[in-house]
Amino acid sequence: MHAQMKNILKYILTCILLSVCITVASQSYTFRGLSITEGLSELIVNVIYKDSLGFVWLGTENSLERFDGIHIKHYPIIDAGGKSKRVNAIVEMPGNDVWMGNNMGLWRLNKDKDTFEPVAREMLIAPAYSLLHDGKGTLYIGSGEGLYIYKDGGFQQILLDTNLLSEANVITGLTQGKDGTVWMATKKGLYSLRFVNGKEVISRYLLEGEHSCAFHNIVYMDSMIYLGTMGQGIISFDIRTEKSENFVDVGCNVISSLSGDEGKKLLYVGTDGNGVHFISTEDKKIVRSIRHEVGNEESIRSNSVYSVLVDREGVIWVGFFQLGLDYTLYQNGLFATYAYPPFFTSRDMSVRTIAIHGSEKLIGSRDGLFYINERKGIYKSFNVPQLRSNMIFCTLYYQGEYYVGTYGGGMYILNPETLTIRDFEPGESFPFVKGHIFCIKQDGEDNLWIGTSAGVYCYKDGKQIAHFTKANSKLPDDNVYTIFFDSTHKGWMGTENGLCIWDSSSKTLRTDIFPEEFIHKAKIRNIYEDSDHNLYFSPDKGPLFISDLSMKKLRHLPPTNPLEGKDCMFVIEDNDKWIWIGTSNGLFRHDKKGTFIPYAFVDGIPSPIFINCPPVKENDRLWFGNSKGLLYWDMTRKSKVKKLPYPVRITDILVNGKSIESSAVHQNSGVFEVKLDASQKNVTFCLSDFSYTSPTFISYEYKLEGIDQDWKTLTGQSEITYYNLHSGKFNFKVRRMNDYESEITMQVRVASSVGVWSIAGLVVIVLLGGFVYYRQRNKKRGIVQELPVIDIPEERKQHNDKPVYEEKYKTNKLSDEECSLLKEKLERLMSKEKLYKNPDLKIGDLAEVMGMSLHNLSYLFNYYMNCKYNDYINNCRVEEFKSLVGQDEYSKYTLEALSELCGFNSKTSFFRNFKRVEGVTPNEYVRSIGKTNE
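Heads up: the sequence shown begins at 25 in the working numbering, then just goes up one per residue.
Following this line, the structure appears as structure tokens:
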């Protein structure tokens, strides 16, 4: 009886721990910081607001900053009176009409000029501390001189106290109840405003004792008012009973920010000293705290919090005093990282192998082995010294037990009933005690096959029945990394030096049955067979290889697929017959035709690096081993994941390197349009998908109709540039990867270069042609007219060694003095702007930037500088490479990567030009200066 009671208590305690730790486990966030480096002009962030288009507005001490997840746009506040510019409040009215209140008054965004302009300056001269839109077109402004109401284009002022200088008229916070009552936090207490029969009714509420103080911010929720103070913490006020009390203690009485979510019954509290706290208004307790923790790089950067916003998509924004802004990177929850709180989490764990049997999970990592039985509430870990090695390479559930292979520590058997672990073959030291066990597989005859560092072993009923090595069989090498039995019972074995096949009929290993074009000589990581009986081979290096069972139909994936340049780690098929491909840089879902869907951080994947861990399909879930955890994808949830409500947006357009005015962009029938003149041929589109996830993993699809034949992919960047556009109309289309609903179109019109002067030029040419024809005809008749003698300046005679160019440039009017000045301008431009870093830079682009004709620039290079344009640009790139390779910060870059930074678009071009300029190869040069770049 005593033992039974003990077990019951143990069970209850476990349940309590689970309930607590599930909450704790959900508190892990990945924050990204914004400061001066990222483009913020100010580091004190007083207010944060997200508008209906997806832009996040930040109010600082001197300006507004608009952030789109990639770019920060600075809106300075023009001041002529020397007042404080501190931004206190931001709000949006219908039609994306953005208003701002600061210590100078009320401001409104002029969309045509893209600047903020003062509103009602003659009336509202006091600071605007708070703004409230009632959702019906009325704007309430809490100011230093009472309440202002903006409606139908007009303003009304309401004083809470007839004495203008009374602290009751300093309204620091506004909120609205469900009945339309406006509640006001002031420096003299709590007030409300109601309209009865068209007349305003103002009420003051006398809070008892210490609760009667100046209030800083206010939230209405479920007939309760919550007030933040600057010295007494949070005070709650019950509207029904008109009773007040101190609310939950958050460890700091300075409440700098207060907001709420009535649906979730949560208050979001920012403190100037103790970070951020989420409070359950139902349970009256803190359910989540976010603080700065010394040594924890994933915590917020400061506890001195000035502003907090939890936006519609659940992203947490935290503004600081003198440290800028932190925000959580958005994830849609399509993938989840496995945890079994409070005992186990795979977060940040490099998972190498997974075995799942019923409610049991066995997870192998580089940090040991972990057994979990969720149904029975059992957890146990195994590592050194219980194991000889913590690096678990493979696992297999076989005949009621788990077989475990390690790197350097041999092989074990785990009994799930007793949770004890023992050696598989203690009498055979190598490889089962001290060697490497790479894979363990079961064939159709219930035999156990083991790939090791000493060849392949086969066991039947616990007894060894075969051992194949390179010396006694056709096994290409003794290191056997993968074993796979296909649906025809052939056993594929991948070694360091290639493949062999186990022929079950002859009981032999064979290497003589592969066609010449097969991949049998490569090192193979994994092999998989799908429901169509295609075999997928993941080589150690190179693209995924696909074959039928007979090895007659051989192929690779379609060209220009997103897997190019990535190492394939595994393949698995889902219930929809799509295959998943894990790579060294991303996870992709492929329909076996032409569609590839990438998955990244925004989908819940913590790292793009997938390792050589065969995935597992369990009912409606797929399990993947990632370098930062065990991930699972629920096939039933793929259609339930909430998509972002914002389309992709072109947030800025650069023409010839300069941003155009927002008024130059027009919208016609839902399509944006920009018109450019003939000289504006270089266009850069700045994009945002408003996901507020890690910019490294944002992916777009785009196409410029008239230039691009097919859709192109852009990952990790948010700017697309087209150079030297010809005249005409182009439709630029862009969308999130595989999100067709997010697509937008921007129409670009480039004017024709044929203008009045061009027509005049044509007339001159026609007349000149007529004149020449007339002269020739007269000449044939014997009428010869004397031509004028052209005097060639002496300086021109210096170039008599260039006869090739004499005819081409005989009409050029540039003097040598002009050429000298142009050469200096060119060199300054290259030194400062480094235009040569653009791999697509054409001589026409350079001529446009320099403000000269293509003909004159060609003359400058070929005749005056005696140098071809391409040679000059590549010489600059070579010098840039020499500069970069000598710097320590680029020591880990490969030669090819460095060459791309310098503007070379191919390795061949780089090596050829470097050898032409320096007389040695890049490798020889790098070694000569003592560097190690390869």
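For glycine and all other residues, C-beta sits at the position ideal for the given N, C-alpha and C.
Among the options, nearest to residue i - alpha-carbon criterion
i	options	result
D572	K565, G566 and F561	F561
D644	P409, Y422, M659 and D273	M659
F345	T512, E116 and E85	E85
S283	I258, T377, T476 and Y893	I258
K736	S715, G752 and V758	V758
I96	I263, L349 and V311	L349
K107	K577, L845, V225 and I149	I149
E743	S712, V332 and G63	S712
V950	S930, D912, K487 and M245	D912
T493	R940, G518, F79 and K514	G518
S776	H750, F454, L438 and E765	H750
T295	E269, F721 and G252	G252
F462	G451, P450, S453 and A478	A478
I437	L393, S65 and V689	L393
Cβ-based burial, residue i [other Cβ within 10 Å; buried from 16]
i	result
R805	With a pLDDT of only 48 at R805, under the threshold of 50, the placement of this residue in the model should not be trusted; the figure read from the coordinates follows. Per the 10 Å Cβ criterion, exposed.
I816	In this prediction, I816 has a pLDDT of 35, which is less than 50 and means its spatial position is unreliable; nothing more can be read from the coordinates.
P582	exposed
S952	exposed
Q355	buried
N503	buried
R901	buried
L420	buried
F456	buried
L568	buried
I537	exposed
V813	In this prediction, V813 scores a pLDDT of 35, lower than 50, which makes its location untrustworthy; the coordinate-derived value is nonetheless stated afterwards. Its Cβ having fewer than 16 others within 10 Å, V813 is exposed.
P409	exposed
A921	exposed
Y448	The question names Tyr, but residue 448 in the sequence shown is Phe. By the neighbour-count rule (16 or more Cβ atoms within 10 Å), F448 is buried.
H98	exposed
D470	exposed
D825	The predicted position of D825 is uncertain, since its pLDDT is 45 and thus under 50; a value taken from the coordinates is nonetheless stated next. Exposed: under 16 other Cβ atoms inside 10 Å.
T584	exposed
Y427	buried
G522	buried
N937	buried
P586	buried
S882	buried
C891	exposed
Y764	exposed
N187	exposed
Residue i - containing alpha helix (DSSP H), residue span
i	result
P455	S453 to F456
D840	D840 to E857
Y558	The question names Tyr, but residue 558 is Asn in the sequence shown. N558 -> not in any alpha helix (DSSP H); beta strand (DSSP E) instead, spanning N558 to P563.
A546	Run containing A546: none; DSSP gives neither H nor E here.
S952	P946 to S952
A490	It is not in any alpha helix (DSSP H) - A490 instead sits in the beta strand (DSSP E) that spans K487 to F492.
First through last residue of the beta strand (DSSP E) which encompasses residue i
i	result
T932	Looking at the DSSP string, T932 is not in any beta strand (DSSP E); the run it does join, the alpha helix (DSSP H), is K931 to E942.
L884	Per DSSP, L884 belongs to no beta strand (DSSP E) and is neither H nor E.
E16	Outside the displayed span of the chain (25 to 958) sits residue 16, for which this structure offers no information.
V504	V504 to F509
F874	It is Met, not Phe, that sits at residue 874 in the sequence shown. Where M874 is concerned, there is no enclosing beta strand (DSSP E), although the alpha helix (DSSP H) it sits in stretches over I867 to M874.
N755	G752 to R760
N650	R645 to N650
Does the count of Cβ pairs from the segment 868-878 and the segment 905-919 closer than 8 Å reach three?
No, the segment 868-878 is not in contact with the segment 905-919.
Runs of beta strand (DSSP E) lying entirely within the segment 117-171, each at least 3 residues, in chain order
Taking only runs of at least 3 residues, the beta strand (DSSP E) segments lying wholly in the segment 117-171 are 121-126, 129-134, 139-143, 152-157 and 163-167.
Between the segment 314-328 and the segment 281-288, are three or more C-beta pairs nearer than 8 Å?
With a cut-off of 8 Å, the segment 281-288 and the segment 314-328 do not count as touching, because too few Cβ pairs lie within range.
Pick out the complete beta strand (DSSP E) segments inside the segment 383-444, 3 residues or longer, and give them in chain order.
384-389, 392-397, 402-406, 416-422, 425-430 and 435-439, all fully within the segment 383-444.
What are the start and end residues of each continuous beta strand (DSSP E) run of 3 or more residues lying completely inside the segment 184-237, in chain order?
Whole beta strand (DSSP E) segments, 3+ residues: 195-200, 206-210, 213-220 and 223-229.
Would you check if the segment 723-739 and the segment 686-705 touch, i.e. whether three or more CB-CB distances between them fall below 8 Å?
At 8 Å Cβ cutoff, the stretches do not touch.
So, do the segment 156-169 and the segment 117-124 have three or more beta carbon pairs nearer to each other than 8 Å?
Yes, they touch.
Touching by the beta-carbon criterion (3+ pairs, under 8 Å), the segment 172-181 and the segment 150-163:
In this structure the segment 172-181 touches the segment 150-163; the number of beta carbon pairs closer than 8 Å is three or more.
Would you call the segment 883-901 and the segment 924-934 touching, i.e. three or more CB-CB distances under 8 Å?
Taking 8 Å as the limit for Cβ pairs, the verdict is that the segment 924-934 does touch the segment 883-901.
Which whole runs of the beta strand (DSSP E) in the segment 225-297 are 3 residues long or more, in chain order?
Qualifying beta strand (DSSP E) stretches, in chain order: 239-245, 248-253, 258-262, 267-270, 279-285 and 290-295.
Can you find at least 3 beta carbon pairs, one from the segment 536-552 and one from the segment 588-600, that sit closer than 8 Å?
Verdict: yes, contact present.
Report the start-end ranges of each beta strand (DSSP E) in the segment 595-621 that is 3 residues or longer and not cut off at the edges.
Note on the segment 595-621: whole beta strand (DSSP E) runs with a minimum of 3 residues are 603-607 and 610-614, in chain order.
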